[in-house]
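Residue numbers (mature numbering (1 follows the signal peptide of the UniProt record, and there is no 0)): -21 to -1, 1 to 212. Glycine residues also receive a C-beta, built at the ideal position from the N, C-alpha and C atoms. For reference, the structure is listed below as structure tokens.
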């Protein structure tokens, strides 16, 4: 007797389920758009360039670019970094520190590098919906550093082009740090069908507190996995 498990269609579906498609967007990607007021800038750096952040005891600690994806990172700077290389990596809400991340897929995870004695408070949304706000406490001494921190994770979007927007907020009534490392984009195929539900949003970090809201979308999602292929960065 011929069973479904023996059919060519079942074999193809099983193969597709094992083939995950994804890609990465790091801080050197030309599709990124970032903005601030004139008081703060987004600085693009690599491991060969030494940036030092001030500690409470009056000393400075270097940012370890080798701990970042591709050894590069985006750092919010206050001060004349071109002369001193010693900066406050900080942003107030009033500075409008925003990073726009276009991507094509069904999900995105945002990774940051925590360095220095300042925590991070930021909000993230996709296409103006699914807004999350996450607060990361400052890294503990003596290293004052945590690499590869997943700050935001939004999945089960309808497959296609989207725009993520990262906004840095005040933290505990003062300025927030931010070193943006990279984004992981999930290309698992999510097809839209007629009914209602919402995309799933999660955020994780052992040192974070998170609040999130999801705006209803017009679809329920059927999830299929497509064969992975390479993308230009």
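- With contacts defined as CB atoms closer than 8 Å, residue 44 and residue 26 qualify as a contacting pair.
- Scanning its chain for C-beta atoms nearer than 6 Å, with the 5 sequence neighbours on each side dropped, one finds around residue 41 the residues 29, 31, in chain order.
- At the C-beta level, residue 15 and residue 75 come within 8 Å of one another.
- Annotation for residue 80: the continuous beta strand (DSSP E) segment containing it runs 77 to 84.
- Residue 53 holds the alpha-carbon nearest to the alpha-carbon of residue 89 among 118, 36, 117, 53.
- When only Cα atoms are considered, residue 167 and residue 133 end up about 13 Å apart.
- Shortest Cα-Cα distance from residue 150 to any of 160, 141, 117 involves 117.
- Taking the CA atoms as reference points, residue 158 sits about 7 Å from residue 55.
- When the beta-carbon positions are compared, residue 124 and residue 93 come within less than 8 Å of each other.
- The straight-line gap separating the alpha-carbon atoms of residue 21 and residue 13 is approximately 7 Å.
- Residue burial annotation: residue 73 is exposed, with fewer than 16 other C-beta atoms found within 10 angstroms of its C-beta.
- For residue 41, the uninterrupted beta strand (DSSP E) run begins and ends at 39 to 41, by DSSP.
- If you look at residue 97, you'll find it isn't in any beta strand (DSSP E); DSSP assigns it neither H nor E.
- Here residue 71 has 149, 154 as same chain residues with Cβ atoms under 7 Å from its own Cβ, once five neighbours each way along the sequence are excluded.
- For residue 17, there is no enclosing beta strand (DSSP E), as DSSP marks it with neither H nor E.
- Listed in chain order, the non-local C-beta contacts of residue 100 below 6 Å within the same chain comprise 114, 148, 150, 155, local neighbours out to five positions each way being set aside.
- Secondary structure at residue 44: helix, using DSSP grouped into helix, strand and coil.
- Counting only residues of its own chain and dropping the five nearest sequence neighbours on each side, residue 7 has a CB closer than 6 Å to the CB of 51.
- When beta bridges are read from the DSSP output, residue 143 appears opposite 80, 105.
- Here residue 126 is not near residue 4, since their CB atoms are 8 Å or more apart.
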